[in-house]
Amino acid sequence: MTDWLELLTRHHAAAQADSGYEPLFGDAAPPERLDDAQSKIGLPLPAELRNLYGSVDGYGLKMEADCMLSPWFIVPTSELVNFVSSCRNAIVETHPNLSGRFLPFIDWANGDFMGYVYDRNGNLIEGLHLFLHEKFQHCADQEPDEFFHSFDGSIADFLEP
């Protein structure tokens, strides 16, 4: 089983070495909070994501209180339902079928977000999928692979420095 706190600490040391920000880690989320989030999102939380949240409920940067940006990179479950809704709203007008199958949980704080995608049959598509807002054209004819970039591997693989 993945030691999420240790992995996130190593990830932070590598990715944020020069930022001057200390890491921010949420306490473990209880199973009932995960179940509630899953119910409200309308998609199952994949086992690896449940395991992550069951160990560390959110990861980000300690920022000044007056900072306008969210401090969270991995959005905590307390904000996940609203985050998912906001991300889905970005594509719902042009890609309604895709928007309801997208489960983002990583906020790049630049308009991009990343997470899981389920196929039309409700099966999890392998890997993590990054929505690139700069490439999204608000056009129903635009193919999703033009504005989504897929990463093979797990959350742990992605975070490994």
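One rule links them: number in this note's numbering = place in the sequence shown (from 1) + 37. Glycine is no exception: its CB is placed at the ideal position from the N, C-alpha and C atoms.
Just measuring C-alpha positions, the residue of Y90, G63, F62 sitting nearest D72 is Y90.
Here Y155 carries a strand assignment [DSSP, helix/strand/coil]. Per the Cβ contact rule, the segment 92-99 is in contact with the segment 63-80 (3 or more Cβ pairs under 8 Å). Taking the Cβ atoms as the reference, I143 lies roughly 13 Å from F185, outside the contact range of under 8 Å. Counting along the chain, H49 sits inside the alpha helix (DSSP H) bounded by residues 41-52. Boundaries of the alpha helix (DSSP H) around I78: 68-78.
Burial check for L106: the Cβ neighbour count within 10 Å stays below 16, so the residue is exposed. About 23 Å separates the CB atoms of C104 and F168; that is not less than 8 Å, and the two are not in contact. Between S56 and L117 a beta carbon distance of about 24 Å is seen, past the 8 Å cut, so the two are scored as non-contacting.
Look at P83 here: in three-state DSSP terms it is coil, with no helix or strand label. Under the three-state reduction of DSSP, H186 is assigned to strand.
DSSP places I128 in no alpha helix (DSSP H); its state is neither H nor E.
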